[in-house]
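Position 118 of the sequence shown, counted from 1, bears residue number 118 in the working numbering, the numbering being contiguous throughout. A virtual CB, placed ideally from N, CA and C, is assigned to each residue, including glycine. Remember, predicted model here, so these are calculated numbers, not experimental data.
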Amino acid sequence: MRLFTSNHRLVIQLYSADRARVARAGHAWRRSILPALAVGLMACHRAAWPDVTLATPASGTIERLVAPGILSRDREFIVALSLDGREAVLSRRTFSGPQFERHIQLVHASRTGRTWEIPKPFTWADTSALEIDPVVVPRTGDLLFNSTRAAVGRAANRSDFDIWLAPRTVGGWGAPHRLEAPINGPDDDYFATVSCRGTLYFARAAAGPPRKSVIMRARSLDAGGYAAPETLSVVNTTGRASNAAIAADESLIILVDQRSDGLGDSDLYVSRRAGESWTEPMPLRAVNTAAAEFAPAFSPDGEWLFFARMQRGAAGGPPIVAENVYAIRLRDALPPDIPLPSRSPAHCD
Numbered sequence: 001m002r003l004f005t006s007n008h009r010l011v012i013q014l015y016s017a018d019r020a021r022v023a024r025a026g027h028a029w030r031r032s033i034l035p036a037l038a039v040g041l042m043a044c045h046r047a048a049w050p051d052v053t054l055a056t057p058a059s060g061t062i063e064r065l066v067a068p069g070i071l072s073r074d075r076e077f078i079v080a081l082s083l084d085g086r087e088a089v090l091s092r093r094t095f096s097g098p099q100f101e102r103h104i105q106l107v108h109a110s111r112t113g114r115t116w117e118i119p120k121p122f123t124w125a126d127t128s129a130l131e132i133d134p135v136v137v138p139r140t141g142d143l144l145f146n147s148t149r150a151a152v153g154r155a156a157n158r159s160d161f162d163i164w165l166a167p168r169t170v171g172g173w174g175a176p177h178r179l180e181a182p183i184n185g186p187d188d189d190y191f192a193t194v195s196c197r198g199t200l201y202f203a204r205a206a207a208g209p210p211r212k213s214v215i216m217r218a219r220s221l222d223a224g225g226y227a228a229p230e231t232l233s234v235v236n237t238t239g240r241a242s243n244a245a246i247a248a249d250e251s252l253i254i255l256v257d258q259r260s261d262g263l264g265d266s267d268l269y270v271s272r273r274a275g276e277s278w279t280e281p282m283p284l285r286a287v288n289t290a291a292a293e294f295a296p297a298f299s300p301d302g303e304w305l306f307f308a309r310m311q312r313g314a315a316g317g318p319p320i321v322a323e324n325v326y327a328i329r330l331r332d333a334l335p336p337d338i339p340l341p342s343r344s345p346a347h348c349d
């Protein structure tokens, strides 16, 4: 008989049924059952985090659409969950006019049980700017995102993305501020993720031509701020690497690239840390398709990998027909010889 499941009610019922027998065990009960109960209840709490109303997998697949009709409505391409899994932030992309002018904004929603509210824009949103790529920071729960909005010290004619941070508050996330140099420069700086020890990984793309993107790493300083960013040479060989999601323990990085072993559009790859270097990226064959896969993100408990899948439009029409957020168990997504990270965004210690 299994004592502990993800169902709190069953745990309590089983405990009550065995109470008399357990009480007779005296000190042995305190030495063995209590620690197990603590572990079991912790597992119950952790198991609730990925409960984001996942759809049943389509035939022949193992990935699952995230909250279809609410969080995934054919125009969302990334999701970031708060550390307790009860709030979600997404990027929503729409097009308007005969030239299909793009609009991208952040929207957020909270849930009660398994029911998500309809996502809505932040009160501090800048509707004149493009705002993308929300990521929740381990330990603090702050929100990183990228924006083209105006800022002090930024030229008014600039249209590139900078990295911004919205601090975690009791009611959600407060008004954001732009990260200072050396993080943000004249190029596009975007898709920033953070490890448990505070190291920042992000993509930087020069305007070109040709446009090239690389993955950067900036170590946090004890006095605050970041050291000068450095490139990850092994993962940047194509000039198209971006969207790098760093594991909480920095043991691996999941990124987006277009490589010779890909399936025709952008695909997801994994690279493992090897000392101060990284291994050659390997494709996530359980995820990649002929469509575009991008925007990887880890669930707070580290059990799930979220990603976006995009269907591009035909010439003369909208450039994107549909894009949605999917989830797959991280163990199923990774090659079998790659171990799971030892830490997760919600469990850094």
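- Ranked by Cα distance from residue 121, the first of 307, 91, 191 and 260 is 91.
- Per DSSP, the unbroken beta strand (DSSP E) holding residue 329 starts and ends at 320 to 329.
- In the DSSP assignment, residue 134 falls within the unbroken beta strand (DSSP E) covering 131 to 136.
- Taking the CA atoms as reference points, residue 212 sits about 43 Å from residue 112.
- In this structure, 186 is the residue among 166, 100, 168 and 186 with its C-alpha nearest to the C-alpha of residue 157.
- Among the bridge pairs identified by DSSP, residue 268 is matched with 256.
- A distance below 6 Å between beta-carbons, with the five flanking residues on each side excluded, links residue 130 to the following residues of its chain, in chain order: 104 and 148.
- Taken atom to atom, the span from the alpha-carbon of residue 141 to that of residue 82 is near 7 Å.
- DSSP places residue 206 in the uninterrupted beta strand (DSSP E) bounded by 200 to 206.
- By the CB criterion at 8 Å, residue 273 and residue 252 fall inside the cutoff.
- Under the three-state reduction of DSSP output, residue 290 falls in the coil class, being neither helix nor strand.
- No residue range can be given for residue 347, since it is assigned to no beta strand (DSSP E) and is classified by DSSP as neither H nor E.
- Annotation for residue 311: the continuous beta strand (DSSP E) segment containing it runs 304 to 312.
- The residue from 173, 174 and 200 with its alpha-carbon nearest to that of residue 184 is 200.
- Distance from residue 311 to residue 333 at the Cβ level is roughly 20 Å; contact not present, criterion being Cβ atoms closer than 8 Å.
- Under the three-pair Cβ rule at 8 Å, the segment 206 to 226 counts as touching the segment 235 to 246.
- In the three-state reduction of the DSSP assignment, residue 187 falls in the coil class.
- Assignment of residue 236 by DSSP, reduced to helix, strand and coil, places it in the helix class.
- Rounded to the nearest angstrom, the Cβ distance from residue 248 to residue 172 is 22 Å, too far for a contact under 8 Å.
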